[in-house]
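In my numbering, the protein residues as written are -2 to 176.
We put the beta carbon where it would ideally sit given N, CA and C, even for glycine.
Here's the structure, in structure tokens; my notes come after.
Next comes the structure, spelled out in structure tokens:
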């Protein structure tokens, strides 16, 4: 059976009940052959409610979350208010906002489905800003092998970047000491 009721409202315009939240539950119930499902009547469903429910169920894509946050920003809602209403901290909102306009290379990776997870996309955006050429080379190698980029891949790239910086710094110090 269904544990959480489907949220519905009456539409005068179409003269029928409209599902606010629970479209997937309805499809599953139908596929399971259920003829009745629990409902709750909610006259008003806001996009905030839908996003919060989808966040809880972990079914909201990164693209949809970024688009939602940017719509709210365009409506003049402050970042702190967005964070508060979504029960998230301000840095979580900031990180999502960073993906509203990622570097072209990262956007291409995202658009082509090589990376869709928020942590991966944000991590790529961060390391790309440190050394775009190195990151592009490493990401292209990963895509050639695995066809997908995972969180661990980004960690490895980040670690290699840090190692390269430390190595360059050490070499620079050695050169200046020998002069």
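Nearest in C-alpha terms to residue 31, of all of 86, 59 and 22, is 22. With the rule of 3 Cβ pairs closer than 8 Å, the region 64 to 84 does not count as touching the region 105 to 113. The Cβ atoms of residue 106 and residue 146 sit closer than 8 Å to each other. CA-CA distance, residue 128 to residue 59, rounds to 24 Å. Linking residue 68 to residue 121 through their CA atoms gives a straight-line distance of about 24 Å. In the same chain as residue 124, and ignoring 5 residues on each side of it, the C-beta atoms closer than 8 Å to its own belong to 132, 151, 154, 155 and 158, in chain order.
Per DSSP, the beta bridge partners of residue 36 are 3.
In this structure, the alpha-carbon of residue 37 lies about 6 Å from that of residue 5. In the DSSP assignment, residue 14 forms a beta bridge with 7.
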